[in-house]
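Have a look at the structure below before the remarks.
There are 2 protein chains.
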Amino acid sequence: MSNKLVIGMFGFGVVGQGLYDIIKTKDLNLEIKKFVIKNQDKKRSLPSSLFTTDANAVLQDPEINTVVELIDDADAAYDITVKALKAGKNVVSANKKMLANNLESLVNIQHETGSSLLYEGSVCGSIPIIRNLEEYYDNELLHSVSGIFNGSSNYILSKVFNEGQSYDDALKQAQDYGFAETDPTLDVGGYDPKFKLAIVAYHAYGLYVNPDKILNIGIDKLGDADVKFAKEKNLKIKLLPLAKEVDGNQIVLYVLPKFVPKESILYAVENENNGVLVRAAFADEQFFYGKGAGGHPTGSAVLSDITALRYGYKYEYKKHLVDKPVEYTTHYQLRVYLRFSDESLLEKVNFDNIEERYSSKDFNYIIGQISLKEIIEKKELIDQQGVFIAQMD
Amino acid sequence: MSNKLVIGMFGFGVVGQGLYDIIKTKDLNLEIKKFVIKNQDKKRSLPSSLFTTDANAVLQDPEINTVVELIDDADAAYDITVKALKAGKNVVSANKKMLANNLESLVNIQHETGSSLLYEGSVCGSIPIIRNLEEYYDNELLHSVSGIFNGSSNYILSKVFNEGQSYDDALKQAQDYGFAETDPTLDVGGYDPKFKLAIVAYHAYGLYVNPDKILNIGIDKLGDADVKFAKEKNLKIKLLPLAKEVDGNQIVLYVLPKFVPKESILYAVENENNGVLVRAAFADEQFFYGKGAGGHPTGSAVLSDITALRYGYKYEYKKHLVDKPVEYTTHYQLRVYLRFSDESLLEKVNFDNIEERYSSKDFNYIIGQISLKEIIEKKELIDQQGVFIAQMD
């Protein structure tokens, strides 16, 4: 029935080990022939004959028809992926940064070579959102895709809102538990969810936007005053990427903290879990929930991609090829809460109207309407210490 | 890019009307040419030229390449579906009973004719669970599929547990609001979720089991004592179908009420909503949530099937064709709560062991281990007035 896959894997962490173990126990018609690793000397749990530091031992082995790329370095990952695709091998990757920055060229290379590149593991771990957007939701009918895409930030926010921890303590705990990197900027600064959003936008609407052009503001400026404000109104703050269709063929993309009410299903997504909220014509809300981060959830998505390759599955990128293409816009009004200390900020950032204004010796905030374009242009002013912005419904 | 679909639709209810409206407003490369209806005289919101009572006006129209079947009568629906497939037309259906009873022959007809039959709308409305089981989860790696598949029963249970209503009052309200039929047996007796479970089992494990062979016990014998018992232990009762792999290649299938703790994500699924819980190797829990019942959720699934047909999508039924087939078993131990009035029941139903025994003037219950096989053989004794059974963790 299925094609036998002979796999060369780049990187050997918890995912690689886990994949190896499960592939051994199950009758999946798969074999991992080689792991390419950086450090040959490191002690391994598997026979040393399985390991090499020479990428070509995989890329030039004609018997290996599938490359699984699980390394952190985005540039190295891109180089491996391109070489493997051009060598006629199918590739599975979970490197969101590499993918978000290079999707268009990677799609072209797939079309030229006929090779297949799958990357479900790059967005929200075990949640099969790419597959669902690719296969199930017609872009004409898709109103929006949003959700909790970053487990580390969500873990921190859960600790802050449910256990009354300060942002700094919660961040430290997340780092101790391995939910956040030593340099947490990628996560708490909203870059990681932005990369995922760029990939989602491509499969949801056939729209490629370079991540540099997408606004990302994270939770790293969150202060006790903002938490107090939220709690008084029975709201939680969540870090939410959004891809949304406005007037027919225009698409808005951004990552911002948002005040979320009890009624929202995202209110209940806690700790390192992820949830993806899809709004489509007719369907009302559809919600996909699962473990977002960590070796095993990512491993499950990688494994699903691998098993799909046995049947020659490839993304068709239909939506990118539709007659009526959509376009990216930043002409979009948001209602936001902006907390600040220095009044002069308001002279530099143009709100279209201000609904509420609060000031005290400790902090000031306004609630008002501002355009996405303005937030992007004034990002440096808005995304600085002493200032916190979050979207309101 | 996509193939133009010319659609003939059987039935014209809220789904048909909604589909017509949305297809008109969107650029989907679809056209609904004819509705086949029972009653020509009924007043319609659309031009009468669109309606006919003659099935052949659709089945024998060579221009119509897609049949959408939305009628209640399972036998008539099967007849239409078979004729349409044999006439080389693709078919979209949401008739769970028709599908569950005839899946094998319908799959054979698809293989003979090359036509495609899609039926996402038949299971959990807008939740794309069939597609995900078909495309994303390898049966070797799938531990279990469970969840809340029946909106009517869940609506009733929500009213009982959250608003303290009696089962009878809640049922009446569900009927008044149109969440339950005048004869609610299909829903509250667990037949509807059983049909869905049979379809799920086919796409999850490639296993076809005739619904007559699958145990279904519903919530229609639920009593105040059972609710009191659950609430004292901070549990809710939910009606849960389960498809589960046991020892490698054996599959257990049944529909039973179950005591669900706060920690379970199903605990939070209320009213007419549906939720599907998938457990797979590595992935831990994955949860799909959405509106289960009603015209619009079903319409969204039907519409997704229709749009997929523009690209020639068909289920591949890979799992049904795997080298190592799985088999259905009823040799499976369950831990259950059994409430009864007549002590003699215990002499007729064989428990493997009894952990707890409670009796009072109002009611008695035991908690113990019993085999699925025994429950099936003694169903008439267990599923009668004055007796209520529910699974415990």
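Chains A and B, in that order, give the protein sequences.
Using our numbering, the letters of the first sequence map in sequence onto residues 1 to 393.
Using our numbering, the letters of the second sequence map in sequence onto residues 394 to 786.
Each residue gets a CB set at the ideal place from its N, CA and C atoms; glycine is no exception.
Keep in mind that this is a model prediction, so the values were computed, not measured.
Query	Result
Since F428/B sits in a beta bridge, which residues does DSSP pair it with?	M402/B, F444/B
Pairing CB atoms from the region 693 to 704 of chain B with CB atoms from the region 508 to 519 of chain B, are three or more of them under 8 Å?	yes
Go ahead and pull the three-state DSSP assignment for P257/A.	strand
Between the Cα of V68/A and those of K221/A, S152/A, A301/A, spot the shortest distance and give me the residue it belongs to.	A301/A
Rounded to the nearest angstrom, how far is the Cβ of N642/B from that of E720/B, given a contact under 8 Å?	6 Å
Taking C-beta pairs closer than 8 Å, name the residues in chain B that S45/A reaches, listed in chain order.	Near S45/A there are no residues of chain B at all, since even the closest Cβ is about 18 Å away, more than 8 Å.
Got a sec, what are the start and stop residues for the beta strand (DSSP E) R335/A sits in?	333 to 340
Helix, strand or coil: how does DSSP classify F756/B here?	coil
If the cut-off is 8 Å on Cβ atoms, which residues from the region 674 to 703 of chain B count as contacting chain A, listed in chain order?	A674, F675, A676, D677, E678, Q679, F680, F681, Y682, G683, K684, H689, P690, G692, S693, A694, L696, S697, T700, A701
Apply the 10 Å Cβ neighbour rule to D220/A and answer buried if 16 or more other Cβ atoms are within range, or exposed otherwise.	buried
Between the alpha carbons of Y560/B and S146/A, how many angstroms are there, rounded?	38 Å
What does V107/A pair with, by DSSP beta-bridge criteria?	According to DSSP, V107/A bridges with nothing at all.
Please determine if the region 395 to 407 of chain B and the region 375 to 383 of chain A are in contact, where contact requires at least 3 C-beta pairs separated by less than 8 Å.	no
Beta strand (DSSP E) containing R672/B: first to last residue?	666 to 673
Mind checking who L628/B pairs with in its DSSP beta bridge?	P654/B
With the cut-off set at 8 Å, would you say K231/A and N154/A are in Cβ contact?	no
Smallest Cα separation from A661/B: which of S551/B, S764/B, S395/B, F756/B?	S551/B
Let's see if you can read the secondary structure: which residues bound the alpha helix (DSSP H) around T25/A?	14 to 25
Is there at least one non-hydrogen atom of the ligand COA closer than 7 Å to the beta-carbon of V645/B?	Ligands displayed in this structure: none; no statement on the ligand COA is therefore possible.
What residues are listed by DSSP as bridge partners for K244/A?	S144/A, V252/A
To which residues of the same chain is E748/B closer than 6 Å at the C-beta, ignoring the five residues directly before and after it?	I760, G761
Would you report the Cα separation of I382/A and L106/A, rounded to the nearest angstrom?	34 Å
With a threshold of 16 other CB atoms inside 10 Å of the CB of D755/B, please say whether the residue is buried or exposed.	exposed
Beta-carbon within less than 6 Å of D585/B's beta-carbon, same chain only, minus the 5 sequence neighbours each way: which residues are those?	N543, L579
State the beta-bridge partners of D284/A as determined by DSSP.	A280/A
Mind checking which residues open and close the alpha helix (DSSP H) that includes T81/A?	74 to 86
Would you tell me roughly how many angstroms separate the C-alpha atoms of G295/A and I607/B, rounded to the nearest one?	37 Å
What do you reckon, are the CB atoms on E665/B and G685/B nearer than 8 Å?	yes
Cα separation between L472/B and A597/B?	The question names Leu, but residue 472/B is Asp in the sequence shown. When rounded, the distance between both Cα atoms is 26 Å.
Does the beta carbon of P128/A come closer than 8 Å to any beta carbon on chain B?	yes
I'd like the span of the alpha helix (DSSP H) that includes E556/B, first residue to last.	544 to 556
Closer than 7 Å between beta carbons: that is the criterion. Which residues of the region 2 to 14 of chain A meet it against chain B?	none
Applying the criterion that 16 or more other CB atoms from any shown protein chain within 10 Å of the CB defines a buried residue, is V92/A buried or exposed?	buried
Which residues does DSSP list as the beta-bridge partners of R750/B?	I759/B
Look at K419/B and L142/A and say whether their C-beta atoms are less than 8 Å apart.	no
Of all the CB atoms in chain A, is at least one closer than 8 Å to the CB of Y530/B?	yes
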